[in-house]
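Residue numbers (our numbering): 265 to 559.
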């Protein structure tokens, strides 16, 4: 069954690069290039002013066939008048989009000043998997990723990200990285407060108890990853590192020269929302490789 991809599109070279990436890496899926005209502050009085924006949007979409003609993938295009983030999210929901691919520097066409970072807002709010590219790719054909990194902590979003990696890139080597770092999902507790303990010895004992509750068994976490593989031929390479998650993930991605990073976004349960959500956003912001965030 065909799956649908939405590419927010502004006609720039990097936006064209994102469109090529979607067409080549996810070959065979139906793609829509969507250009958004951000609304005027009030009802525009000048028809000429509106016509200029209308014709400029048409000019932007005229660059799409150049990408489509070189590929077998079906690429359609249209533009919509509205607030960029809302328009993209509603479009993705209304037409049951399976994936969003966006350049990290994407800006909607605005009447006045440029809009804020659309891609980061979509990462936080979209339900669909979203792939963010931080650097332009060559004009030629783009090969499917050979080396994929999936940061993994055993949570539902991380499991979904790993399954997505196996399904989307069946021929890739998938590095499953568990980062040892205290994980606490009890947000009702502040932490180990100094005022609760009269001396260092008792406070230190409380810190050790905190870690006994917060630290996870790496082998058990990676067993969950192995169970997701099931009967597939996926080439999983589990590994464990220690340290602040964002830094460790980025350094490991550089070390293995990852072509693509897939990471679980936040769920709606306590600490997972805060830890995974913030880590995913930092990886999207700082990774040189394309990053897909999966709910």
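Note that beta-carbon positions come from the ideal geometry of N, C-alpha and C, so glycine has one too.
Note that the structure is predicted; figures quoted are calculated from it, not measured.
Note to self: Measuring only the C-alpha atoms, how far is residue 440 from residue 430?
What the structure shows: 11 angstroms
Checklist line | Local Cβ density within 10 Å of residue 280, reported as buried at 16 or more and exposed below that | finding: buried
Margin query: Along the chain, where does the alpha helix (DSSP H) containing residue 492 start, and where does it finish?
Written below: 482-493
Item checked: Per-residue burial, residue 361 [other beta carbons within 10 Å of its own, 16 or more giving buried] -> buried
Notebook entry, point to check: Thinking C-beta only, is residue 339 closer than 8 angstroms to residue 382?
Noted result: Between residue 382 and residue 339, the gap from beta carbon to beta carbon reaches 8 angstroms or more.
Next item on the list: Could you tell me if residue 295 is buried or exposed, where buried requires 16 or more neighbouring beta carbons within 10 angstroms of its beta carbon?
Entry: buried
Item checked: Reduced DSSP secondary structure (H/G/I, E/B, other) of residue 439 -> strand
Item checked: Residue of 368, 341 and 545 minimising C-alpha distance to residue 355 -> Checking every option, the nearest Cα to that of residue 355 belongs to 341.
Note to self: Mapping the DSSP letters down to three states, classify residue 504 as helix, strand or coil.
What the structure shows: strand
Check: At which residues does the beta strand (DSSP E) containing residue 345 begin and terminate?
Finding: 339-345
Next item on the list: Using the Cα positions of residue 496 and residue 548, report the straight-line distance between them to the nearest angstrom.
Entry: 28 angstroms
Item checked: residue 500 burial status per 10 Å Cβ neighbour count (16 or more: buried) -> buried
Next item on the list: Kindly indicate the opening and closing residues of the beta strand (DSSP E) around residue 367.
Entry: 363-367
Check: What's the C-alpha gap between residue 343 and residue 410?
Finding: 34 angstroms
Next item on the list: Go to residue 297, then tell me how far its beta strand (DSSP E) extends in each direction, as first and last residue.
Entry: 294-301
Checklist line | Contact with chain C by residue 283, beta-carbon distance below 8 angstroms | finding: Although the question refers to chain C, the structure presented lacks it and comprises just one protein chain.
Next item on the list: Look at the Cβ atom of residue 425, then the Cβ atom of residue 558, and state whether they are nearer than 8 angstroms.
Entry: yes
Note to self: Excluding the 5 residues flanking residue 509 on each side, which residues of the same chain have their C-beta closer than 6 angstroms to its C-beta?
What the structure shows: 443, 445 and 543
Margin query: For residue 323, tell me which candidate among 290, 276, 346 and 332 has the shortest Cα-Cα distance.
Written below: 276
Notebook entry, point to check: Applying the criterion that 16 or more other CB atoms from any shown protein chain within 10 Å of the CB defines a buried residue, is residue 475 buried or exposed?
Noted result: Classified as exposed, residue 475 has fewer than 16 neighbouring CB atoms from the shown chains inside 10 Å of its CB.
Next item on the list: Excluding the 5 residues preceding and the 5 following residue 380 in the sequence, name in chain order all residues of the same chain whose CB lies nearer than 6 angstroms to its CB.
Entry: In this predicted model, residue 380 has a pLDDT of only 46, less than 50, meaning its place in the structure is not dependable; the value taken from the coordinates is given anyway. Closer than 6 angstroms at the Cβ level, and outside the excluded window around residue 380, lies no residue.
Item checked: Counted within 10 angstroms of its Cβ, other Cβ atoms place residue 284 as buried (16 or more) or exposed -> buried
Next item on the list: Taking only the alpha-carbon atoms, compute the straight-line gap between residue 395 and residue 524 and give it to the nearest angstrom.
Entry: 9 angstroms
Check: Is residue 328 closer than 8 angstroms to residue 298 when the C-beta atoms are compared?
Finding: no
Checklist line | Cut-off 6 angstroms between Cβ atoms - residues of its own chain near residue 580, not counting five sequence neighbours on either side | finding: Because the chain here runs from 265 to 559, residue 580 falls outside it and cannot be looked at.
Next item on the list: Give me the Cα-Cα distance between residue 457 and residue 464, rounded to the nearest whole angstrom.
Entry: Taking the straight line from one Cα to the other gives about 11 angstroms.
Note to self: Spatial neighbours of residue 330 within its chain, please: C-beta separation below 7 angstroms, excluding the five flanking residues on both sides.
What the structure shows: Same-chain partners within the cutoff: there are none.
Margin query: By the three-class DSSP mapping on this structure, what secondary structure does residue 406 have?
Written below: coil
Next item on the list: Return the bridge partner residues of residue 528 from the DSSP annotation.
Entry: 558
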